[in-house]
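Peer 1: Quick note: the sequence shown, position 63, residue 135 per our numbering, numbers continuous. Sharing a structure with you now.
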Amino acid sequence: MAALPTTAMGGSRPGEAGAYSVLILIAAYCAIPFLWVLIASLDSAPSQFLAWPRGWTLDNYIGIFTRQEGLRWVL
Numbered sequence: 073m074a075a076l077p078t079t080a081m082g083g084s085r086p087g088e089a090g091a092y093s094v095l096i097l098i099a100a101y102c103a104i105p106f107l108w109v110l111i112a113s114l115d116s117a118p119s120q121f122l123a124w125p126r127g128w129t130l131d132n133y134i135g136i137f138t139r140q141e142g143l144r145w146v147l
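Following this line, the structure appears as structure tokens:
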């Protein structure tokens, strides 16, 4: 019987780490707009710039469900 070829433990193909790095960068690039929307929705003062809110509030979400026309815009 012939011996099976062996590889070092934990070995990977060349370039695999680079491919994962590129995929992580692309995922982060795509996630930034969603993060911006989430942070902006929790901010008490409206602004267009991405910054940590000084006052965290859920009033924007409460207003959606308490105003009569709020749920219409969600649909």
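Where is the CB? At the ideal position from N, CA and C, for every residue including glycine.
Just the Cα atoms here: how many angstroms apart are I111 and R126?
Peer 2: Taking the sequence shown and counting its residues from 1, one reaches residue 111 at position 39. Taking the sequence shown and counting its residues from 1, one reaches residue 126 at position 54. Cα to Cα, the separation comes out at about 11 Å.
Peer 1: Between which two residues does the alpha helix (DSSP H) containing L130 stretch?
Peer 2: Taking the first residue of the sequence shown as position 1, residue 130 is located at position 58. No alpha helix (DSSP H) holds L130; DSSP gives it neither H nor E.
Peer 1: Going by beta carbon distance, what residues of the same chain come within less than 8 Å of L114, once the five residues before and after it are set aside?
Peer 2: On the sequence shown, residue 114 is found 42 positions in, with the first residue counted as 1. Result list for L114: P125, W128, T129, L130 and N132, in chain order.
Peer 1: Leaving aside the five residues before and after R85 along the sequence, list all residues of the same chain whose C-beta is less than 8 Å from its C-beta, in chain order.
Peer 2: Working through the sequence shown from its first residue, we reach residue 85 at position 13. The answer is none, since no qualifying residue turns up.
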